[in-house]
Amino acid sequence: MSFFSQLNLSGRYLEIIKRFPVVILFAIVTTFALLVLIDDTTKGDIIRWPICGFIGFLAMLNWSLAKEAYTLSQGIYRIGVVVIIAALGVYYFMIPTNFDEKISCFWYFTIGLSLILHFLISIIPFFKTRNNDAFTAYNVHIFISWMQSALYSIIFYTALSLAILALDNLFDIKLDGIIYFKLFILVTGLLQTTFFLSEIPDQFYNTEVPAQKSIFKIITSYVFIPICIIYGLILYAYILRVLITGKPMVEWAYVMILWYFVVGLSSWLFSGYYDNAADNPLMSKFRKYFFLFSILPVILLFLSLFKNISLYGIKEEYYLSAAVAIFIAITTIYMIVSKIRDKRILPLLLILLSLITFMGGSFSVCNVPVMNQQRKLVHDLEACGIISDGVIQIDTSRTYSDTNGIISNKLYFLDSRNALGYLKEFDKNNLIKKAADSINAYQLQELFRLDRYTSKMDQKAWNVYFSSKKSVDIVGYEKIIPVKYIKELNEITDYIVLTEEGHINLYINNAEIGRLDVNKVIFGMSNHPDGSNIVESNLGGYKIKIIVESASGEKTVDKITVTSLQGIVLIKQAEVGQ
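Written as structure tokens, this is what we have:
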């Protein structure tokens, strides 16, 4: 019997059409809609339906499972289908048509909605029934089904891709590269969906003994659990090192701990599939002691997050990590204290946290980091003197320290969220010329005259900005030439190049005429931003005048280097004797 006949694709489709007719219809329509709409010049406004279709697929699958679990009548089921379709119609018009815009809260909402619908699949049959064994068996079966469907899809996609590639090369068909992406959509949208749906258990409360020998049991016992134990021992060793040496924790410690819990919780759930059935001593002891063993890692997780938030404020990655940490902490406490250890708390808690995290309005990941970074930015601007008595006040005779680019990073973060307009409230002197919704980070960097320092002992990054205060005499100069960073061969034949060493090379007719070291003179300007911003010199029979608008560079113990230069460069033939 061949591999393809064993898969029984036609039989699977007939089974799915009978059991999940609306669900498979959503999968088919969504897949072919995306295949028709997508091409090499795809724009965001033409894939709204596939996004809507994916959410519809998940919603219909949940509703179909609810119908089976609670034996809903056909009339109630049809009403639910109509309600879901109507809600999808509203959702469709909420989807932005331009995906190139700055980060939108809608996408966080969509992520939260998708997560909730996924978590609901794991618990819908068990809202009224508490049966840990059946709950575990059902969810492990769902997970294995998804893994198998993914494996089959990878095999199909690889085989078909190689066949297409062979045809393309042997017969010189010259197929567009987009064909492989369309094939991926077809395989995941139809084949993987078919495999997965056909393997969803139709007996939700089945507690039959699993196979004594299976690949899944071997992987759980001898891969997942040992990895989790080793990972945990590494964390304990690290905690001991921190306590003994007094060295601060590395900033990414929370990431390491989160991965420990991803592996650990998965291993704990998988091992529960064999509880009192095909068990072994390693699984039994792991289930018994995992949460007790994890108390110190939970504490370390919160300490690491607190340290990062204290330094950098609340960012999306810290907010989401904190939400996961709360889930881990509540789960750990519950599993230690509770005698019944009702596993339904896991998806229910995840659904609640998803609602708050992604759909919680002012408490969501879309708003909390922005509001926190806005407050932190004002605090930093007050600390360096840019904001005084609630008003932005710029002293043009100096620059303002921006250690490690902390202020600049906040400016660009808020710029990406279109959240810099609030600074208008502090702009009583009308220094910010743009409207609130048009303010960008680069403009504010120039306005605030930020001097960016690194925290290294022997290195300082510096920059300088010059505002136009007076006219510059250009009488006698013949032309304005551009500033480049590499030698170019194009229609522009006259220009200057700023080299990596901070030297200026003058090119006339694409031939190098002379070289000028401007490192010290421009660095000197950075210490006197209200002074002269003009560099004049003779190079190879030409006189050049550089009107510096902005510059930046690095200063180490024994070297000053200009790394960036913006300005106007004037040249003319040098007079005899000059």
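Residue numbers for the sequence shown follow our numbering, beginning at 1146 and rising by one.
Just so you know, even glycine gets a beta-carbon here, dropped at the ideal spot from N, CA and C.
Going by DSSP in three states, residue i sits in which element: helix, strand or coil?
i     : result
G1220 : helix
A1284 : Rather than Ala, the amino acid found at residue 1284 in this sequence is Asn. Reduced to three states, the DSSP call for N1284 is helix.
T1706 : strand
N1207 : helix
K1629 : strand
Y1610 : strand
V1693 : strand
M1602 : Because M1602 carries a pLDDT of 42, less than 50, the predicted location of this residue cannot be relied on, and the following value inherits that uncertainty. Of the three classes helix, strand and coil, the one that applies to M1602 here is coil, per DSSP.
N1650 : strand
N1683 : strand
E1591 : helix
Y1640 : strand
K1688 : strand
V1395 : coil
V1714 : strand
K1212 : helix
K1624 : strand
D1582 : helix
Within 10 angstroms of the Cβ of residue i, are there 16 or more other Cβ atoms? Answer buried if so, exposed if not.
i     : result
Q1348 : exposed
K1601 : For K1601, the pLDDT reaches just 47, beneath the cut-off of 50, and the residue's location in the model is therefore unreliable, leaving the point undetermined.
V1536 : exposed
N1351 : exposed
D1603 : Because D1603 carries a pLDDT of 44, less than 50, the predicted location of this residue cannot be relied on, and no value is offered for it.
Q1518 : buried
K1166 : Going by the sequence as given, residue 1166 is Pro instead of Lys. The residue is exposed, with fewer than 16 neighbouring Cβ atoms inside 10 Å.
D1185 : Reliability of the predicted coordinates at D1185 is poor, the pLDDT of 49 falling under 50, and the value obtained from them is presented with this limitation in mind. With fewer than 16 other Cβ atoms within 10 Å, it is exposed.
A1467 : buried
L1450 : buried
S1343 : buried
D1618 : exposed
M1146 : Confidence in M1146 is poor, its pLDDT being 47 and thus under 50, which makes the residue's placement too unreliable to answer from.
D1534 : exposed
A1470 : buried
L1296 : exposed
When the Cα atoms are used, what is the spatial distance from residue i to residue j?
i     : j     : result
T1541 : S1695 : 14 Å
Q1219 : I1266 : 20 Å
P1627 : I1641 : 7 Å
K1579 : I1552 : 20 Å
W1194 : F1251 : 15 Å
S1461 : I1192 : For the sequence presented, residue 1461 should be read as Glu rather than Ser. Taking the straight line joining both Cα atoms gives about 26 Å.
S1546 : E1527 : 12 Å
F1116 : Q1337 : Within the shown structure, residues of the chain are numbered from 1146 to 1723, placing residue 1116 beyond reach of any answer.
L1159 : A1581 : 58 Å
L1568 : L1522 : 10 Å
T1548 : E1645 : 24 Å
S1412 : T1477 : 14 Å
K1452 : I1679 : 46 Å
W1208 : I1224 : 11 Å
F1316 : G1198 : 37 Å
I1649 : V1663 : 7 Å
I1475 : L1495 : 11 Å
L1595 : I1539 : 11 Å
Y1464 : L1310 : 44 Å
N1563 : V1515 : 10 Å
S1294 : Y1325 : 19 Å
L1493 : D1321 : 46 Å
G1417 : T1281 : 7 Å
L1210 : S1366 : 31 Å
F1143 : V1408 : Absent from the model: residue 1143. The displayed extent of the chain is 1146 to 1723, so no value can be given.
V1666 : I1705 : 10 Å
L1312 : I1318 : 7 Å
L1643 : I1691 : 12 Å
D1487 : I1379 : 30 Å
T1638 : L1710 : 20 Å
K1362 : I1370 : 11 Å
Which runs of the alpha helix (DSSP H) fall wholly inside the region 1231 to 1281 and span at least 4 residues, in chain order?
Within the region 1231 to 1281, the runs of alpha helix (DSSP H) at least 4 residues long that lie entirely inside it are, in chain order, 1250 to 1268.
Can at least three beta-carbon pairs, one atom from the region 1398 to 1418 and one from the region 1439 to 1446, be found at a separation below 8 Å?
These segments touch.
At least 3 beta-carbon pairs within less than 8 Å: the region 1579 to 1589 vs the region 1550 to 1569:
With contact defined as three or more Cβ pairs closer than 8 Å, the region 1579 to 1589 and the region 1550 to 1569 are in contact.
Contact between the region 1326 to 1341 and the region 1162 to 1178 is defined here as three or more beta-carbon pairs at a separation below 8 Å; is this criterion met?
Judged by pairs of C-beta atoms under 8 Å, the region 1326 to 1341 touches the region 1162 to 1178, as three or more such pairs exist.
Length-filtered (4 minimum) alpha helix (DSSP H) runs lying within the region 1440 to 1476:
Annotation: the region 1440 to 1476 contains the following complete segments of the alpha helix (DSSP H) (minimum length 4 residues), in chain order: 1440 to 1457.
Given 8 Å, three or more beta-carbon pairs between the region 1659 to 1671 and the region 1697 to 1713
Taking 8 Å as the limit for Cβ pairs, the verdict is that the region 1697 to 1713 does touch the region 1659 to 1671.
Where in the region 1498 to 1579 do unbroken runs of the beta strand (DSSP E), each at least 3 residues long, occur, reported from the N-terminal end onward?
Counting only runs of 3+ residues, the beta strand (DSSP E) found wholly inside the region 1498 to 1579 occupies 1545 to 1548, in chain order.
Hey, is the region 1260 to 1277 in contact with the region 1205 to 1215, meaning 3+ C-beta pairs nearer than 8 Å?
Contact holds: three or more Cβ-Cβ distances are below 8 Å.
How about the region 1648 to 1660 and the region 1678 to 1687: do they share at least three Cβ pairs that are nearer than 8 Å?
Under the three-pair Cβ rule at 8 Å, the region 1648 to 1660 counts as touching the region 1678 to 1687.
Below 8 Å, how does it come out for the region 1479 to 1496 and the region 1507 to 1524: are there three or more Cβ pairs, yes or no?
The answer is no - the region 1507 to 1524 does not touch the region 1479 to 1496, with fewer than three Cβ pairs under 8 Å.
Do three or more CB pairs link the region 1436 to 1443 to the region 1362 to 1380 at distances below 8 Å?
Touching, yes, given that three or more Cβ pairs across the two stretches are closer than 8 Å.
Every unbroken alpha helix (DSSP H) inside the region 1303 to 1357 [4 residues or more]
At a cut-off of 4 residues, the continuous stretches assigned as alpha helix (DSSP H) that sit fully inside the region 1303 to 1357 are 1323 to 1331, 1338 to 1344.
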